[in-house]
Structures are given as structure tokens and as C-alpha cells.
Amino acid sequence: MKKSILWVIALSIAFPTLAAPPSHAPFTKLLKQYVTADGWVKYKVWKNHPKDLDKLQAYCDTLSNDPPQDSWTKNERLAYWINAYNAFTLKLILDNYPLNSIQDLHPTIKIPMVSTVWHKKFFKIGGEDFNLDEIEHGILRKDFEEPRIHFAINCASYSCPQLRSEAFTADKLEAQLTDQAKRFINGELRNKVSQDKAELSKIFRWFKGDFTKQGSLRAFINQYADQQMTEETKISYLEYDWSLNEPSK
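Going by my numbering, 174 is the number at position 100 of the sequence shown; the sequence numbering is gapless.
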């Protein structure tokens, strides 16, 4: 018996159990409950349900304690980081609600390396202090080269792409990202595209390099747009509305 136990221990050391990706089902359940069909978040209602605030905290804790592993697939890692950005953003807003804009949470005093709310390290991933800027620019944009992430992550603002009412998952990721791109580009609230002119979200100006690695900006947008742009289509950019993305807007 003793020898068999030692053999099991030896095997576990030689071949450690690989951590599987966490389930995103608890996040989906919360999103379906508190995100409208149009992508607005019912923060006020959510804030008044402490048990569901605790459920969001529990999901965030799961993300913190189960960081991506090299053994995960690319889609598993990408889904994790998109969900992490959205979940921790929601927690940030709910922890400070009511407020008019996520920009209300910018530092009011000078802190080294912290110039905006996105630079605040208010959560942990795998025991390391993290911020939203690191997820977006240091991981999602740097490691994945997937421009559609800009339609998937939500910065809790009116002009942001709609928050999806379900978590992103590896098995559905391609369809989810394509759907997000179509909803964002064809939704007249954030982009107004016609054959003659296109009033685009500033996201396309801020991150133009991400969208033009394989061709022109027009070509990228035309992949998902109902109304196709031509070389003669004049492009301008809409003002970005940073007010909170809740239904009362």
C-alpha cells in the first residue's frame, strides 16, 4: 500500500495536473439577468441585489485564481481575457455606483504610473496586481492580433460596443466575435455608414493600425457592413460619449 501511494505521488510530480479553463457559465447567468437586449447594463438593479454582487465577486475570484496556462488553446485564452476585462470593469462600476462615467474614477491625485482609471491596479491575476490597460494593450492587442476584440471588450460607456449578454467561450468565440463586429458596425448609434459618407466610431481612428494589417480600413469594415463603402466614401469620426452605459441614457 505504501509503495502504491508513493508511486501516485511520484506520478503527480512528474506529470502535474494541468489546470483547465474556468467555467464562464456563472458570468453568462449574470449577464443575461442584468444586460438588456441592446447591451445596456442595469447597474442600479444589480447594485440592489447583494447576492448577485457576491456572485460577480466569486466569478472574478475564479479568474484571479485560475490564470491562463500554456496548455490552453488560443481560443480558451482569448475568451478568458475578454471576459476578465468585462467582468472586472463591471465590478469596478458596481463598487463605485452611482456615477455618471467611468472617467469619474480617474485619479484625483498624482500617482506614479497611474494617469487614468485604466491604469489602476485594483485586481489580481495569478497573484499579480493587474489593471485593465494591461489586459487590453499588453495582452489582447499584443498577443492575439485579433482586431475584433475592440468590439468585444466594453469600457462601460455609451459609445462602447454593446456588452454581450453572454460570456465569451472558446467553442463559440469565432461566431461571437463576428456577431459583435456586425452589431457594432451596423448599429447606427455608434457608426453611420452610407455609400457617400461614413461617420465612424473613434475606435476605428484610435486603433486604425489594428484594423489595417491585412488591408484598408474600408476593406475591413466592408467584411461586416450591410452598406458597403467605396474608395470615394468620405470618412469622419463621431464624438465619443463616455457617459455610463445604462438604460436611462
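Every residue gets a Cβ at the ideal spot worked out from N, C-alpha and C, and that includes glycine.
All values derive from a computational prediction rather than experimental measurement.
Item: How would you call Pro141, buried or exposed, if buried means at least 16 neighbouring beta carbons within 10 angstroms?; Value: buried
Item: Asp245 to Glu219, Cα distance in whole Å?; Value: 19 angstroms
Item: Mind checking who Leu318 pairs with in its DSSP beta bridge?; Value: Ser231
Item: Helix, strand or coil for Phe242, going by three-state DSSP, please let me know.; Value: coil
Item: Count the other CB atoms, across all protein chains shown, that sit within 10 Å of the CB of Ile87; report buried if there are 16 or more and exposed otherwise.; Value: Interpretation of Ile87 is limited by its pLDDT of 42, a score under 50 that renders its predicted location unreliable; the figure taken from the coordinates is listed afterwards. Exposed, by the Cβ-count rule.
Item: For Phe204, does the three-state DSSP call read helix, strand or coil?; Value: strand
Item: Pairing CB atoms from the stretch 247-261 with CB atoms from the stretch 166-177, are three or more of them under 8 angstroms?; Value: no
Item: Could you tell me the distance, in whole angstroms, from the CA atom of Glu273 to the CA atom of Thr286?; Value: 18 angstroms
Item: Tell me the rounded alpha-carbon separation between Ile223 and Ala249.; Value: 13 angstroms
Item: Checking 8 angstroms against the spacing of the C-beta atoms, do Phe225 and Gln254 come in under that value?; Value: yes
Item: Straight-line CA distance for Glu210 to Lys308?; Value: 29 angstroms
Item: Would you list the one or two residues that DSSP bridges to Ile167?; Value: Note: Ile167 sits in no beta bridge, so no partner.
Item: Would the stretch 131-145 count as touching the stretch 92-99 if we require 3 or more Cβ pairs under 8 angstroms?; Value: yes
Item: List the residues that DSSP assigns as beta-bridge partners of Ala272.; Value: Val267, Ile309
Item: Between the alpha carbons of Leu237 and Leu263, how many angstroms are there, rounded?; Value: 14 angstroms
Item: Give the straight-line distance between the Cα atoms of Gln297 and Pro124, rounded to the nearest whole angstrom.; Value: 43 angstroms
Item: Kindly list the residues whose CB is nearer than 6 angstroms to the CB of Asp284, restricted to its own chain and excluding five residues on each side of it in sequence; keep chain order.; Value: Pro221
Item: Starting from Phe258, follow the alpha helix (DSSP H) in both directions and report where the run begins and ends.; Value: 247-260
Item: Determine the burial state of Lys106: buried for a count of at least 16 other Cβ atoms within 10 Å of its Cβ, exposed for fewer.; Value: exposed
Item: Identify whether Ser175 lies in helix, strand or coil by the three-state DSSP scheme.; Value: strand
Item: Using the C-alpha atoms, what's the distance from Met303 back to Asp126?; Value: 44 angstroms
Item: What separation, rounded to the nearest whole angstrom, lies between the Cα atoms of Tyr159 and Glu240?; Value: 14 angstroms
Item: When you compare only the Cα positions, how much space is there between Ser317 and Phe204?; Value: 24 angstroms
Item: Hey, is Arg279 close to the ligand FMN, as in C-beta under 7 angstroms from one of its heavy atoms?; Value: This structure lacks the ligand FMN; in fact it carries no ligand of any kind.
Item: Below 8 angstroms between beta carbons: does that hold for Gln143 and Ala111?; Value: no
Item: For my contact list, Trp114 and Glu320 are in at a C-beta cut-off of 8 angstroms; report their separation, rounded to the angstrom.; Value: 6 angstroms
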